[in-house]
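Novice:
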Amino acid sequence: MKIDAIILAAGKGKRMQSSFPKVLQEVAGKPLLQHVIDSTKELKNCQAHIVIGEQGALVKKSVCAFKRSKWIKQAKQLGTGHAVKQTLKELRPGSVALILYGDVPLVKSATMNTLIKSAGKTNLALLSFEQDSPGGYGRIIRNTNGKVLGIVEEKDASKEQKKITEVNSGIMALGSSQLQKLLKGIKNQNAAKEYYLTDIVSLANENKIPVKAVKLANKEEVLGANNLEELNELERSFQSMKAKEFSKQGVKIADSARIDFRGKVNIQRGSRIDINCIFEGTVEIGKNVTIGPGVIIKDSKIGDGTKIKAYSFIENAILEKNVVAGPFAHIGPDVHLAENSEIGNFVEVKRSKIGKGTKAKHLAYVGDGQVSEKVNIGAGTIFVNYDGKNKNKTKVGKGAFVGSNSSLIAPIKIGQNSIIGAGSVVTSDVPAERLALGRSRQRNIKKK
Ligand code: UD1
Ligand code: CA
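Each number in the numbering used here comes from the position in the sequence shown (counting from 1) with 12 added on.
1) Under 7 Å from any heavy atom of ligand 2, does the C-beta of N238 make it?
2) Which residue spans inside the segment 218-279 form an unbroken alpha helix (DSSP H) run of at least 4?
3) DSSP state of L90, grouped into three classes?
4) Which of helix, strand or coil does DSSP assign to S452?
5) Please tell me whether A17 and A60 are closer than 8 Å, where the distance is taken between their beta carbons.
6) Measure the Cβ-Cβ separation of S214 and L136 and say whether it is below 8 Å.
7) Just how far apart, CA to CA, sit R281 and N404?
8) Is there at least one non-hydrogen atom of ligand 2 closer than 7 Å to the beta-carbon of D115?
9) In terms of residue numbering, what span does the beta strand (DSSP E) encompassing L112 cover?
10) For the candidate residues S140, K224 and E257, whose alpha-carbon lies nearest to that of G132?
11) Could you tell me the alpha carbon to alpha carbon distance between F141 and V116, rounded to whole angstroms?
12) Whole angstroms is fine: what's the gap from T92's alpha carbon to I303's?
13) Pick out whichever of S312, D286, N288 and I308 has its Cα sitting closest to the Cα of I297.
14) Does DSSP put G23 in a helix, a strand or coil?
15) What are the partner residues of R151, as DSSP defines its beta bridges?
16) Helix or strand or just coil, what does DSSP make of M4?
17) What residues in its chain sit with their C-beta under 6 Å from that of V347, if we drop five residues either side in the sequence?
18) Pull up the distance between the alpha-carbon of L235 and that of D286, whole angstroms please.
19) So, for V226: in the same chain, excluding its five sequence neighbours on each side, which residues have a beta-carbon less than 8 Å away from its beta-carbon?
20) Using 8 Å as the threshold, is the segment 426-446 in touch with the segment 400-417, meaning 3 or more CB pairs across them?
21) So is the beta-carbon of H61 under 7 Å away from any non-hydrogen atom of ligand 1?
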């Protein structure tokens, strides 16, 4: 079946109290509209028609649409029905029109498919849900037999109708030829003086087109965001849905209300995540990984059995198996930590490779380093990589021991199994198997 998805994104979003278009507000670090586009992209044989308004150019350049998307301008925002009307010329004969709202971002493609099926070739299908405090939503009006008669918008609802808790998600599906026919009948004689799309439900009844309301149990998918308060609720709904998904896959999440996933995150079973962690971009986490509280991980890959302790920040890094990092470690960008290595508290590692079993456990800066296996980097060691103009490299050979509070002035090479005496300022290469002392000799002077 051909699907013509119509995504409404032209509204001004005044209730958001921001000069920024509403559909570009973010949930989980991604514009609302992008969520809708991404789910629509998963539908088979689907072409999208995205309706944009005044700030359309900004909307267009801020999201990534898929190949078969068309941008359609609605010059004046005269209502959702008027917005859909702008797309009618583009709809393919015989297709099913699926209407989506740019500010209802979390609806899944599986739910879209259910609705499309329910519409079939002859029905108008809409997605409704139960909302205890239904303010702001259109109410579903049914007769005593449960038949859907129409939708009444908040502004037009009587006192009695306002008490109805079954509300309209805004998402509908029906044959595009039926849509064309029904839209001709909508008028703007209502409290908002807008052309409401929702009026096509009562028009469908008048035209003997069967109306089916698919009531969704999981309302988190269809919550809309008109103001900042609702946007916050959406964010938490999204995060709790994600947390639930991970729990089902065997990931232990300490508190689903205190976690944020903002990207493409994959976590394997047996891993445990403490509170207040943020995952951004593309993050791959292996099996049995332990992540302490307040950890932030961006665009990184974490190997099986690795432990990341409290308040560490990891960006653009690969941590292999059984690494220990933190607490308070800053790792990345462009860092590769090999198996069993350890980067401890207040250690910063940037643009560096750290070999198997190497340890830098306390208060060090490792920048532009190539550190081999089983190296010990003592507390307070600095890789002095920047000379004011260029970033220079430090190479440390296998088994070397860098004593505490040493400065390695790059570019420099420390040979295999060498020892750097604590407090040294090392300005020239150290061959293998040497003890390098780059500090002044101690003098003990007799007191007067
Ligand atoms: C709409 C529905 C309401 C439903 C709710 C669900 C109507 C009349 N009402 O109300 O029944 O319960 O969504 O969240 O449809 N838009 C345009 N052009 C316009 C007006 C709006 O493209 O001229 C877009 C907006 O950008 C938005 C969407 O349509 O993405 C919905 O508009 P909005 O004004 O937010 O409708 P609601 O009042 O939330
Ligand atoms: Ca809305």
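Every residue, glycine too, gets a C-beta built ideally from N, C-alpha and C.
Specialist: By the coordinates alone:
1) yes
2) 240-260
3) coil
4) coil
5) yes
6) no
7) 41 Å
8) yes
9) V108 to Y113
10) K224
11) 13 Å
12) 45 Å
13) S312
14) coil
15) V164 and V179
16) Since the first and last residues shown for the chain are 13 and 460, residue 4 lies out of range.
17) A329, V361 and S364
18) 28 Å
19) T126, L127, S130, A137, L138, L139 and S140
20) yes
21) no
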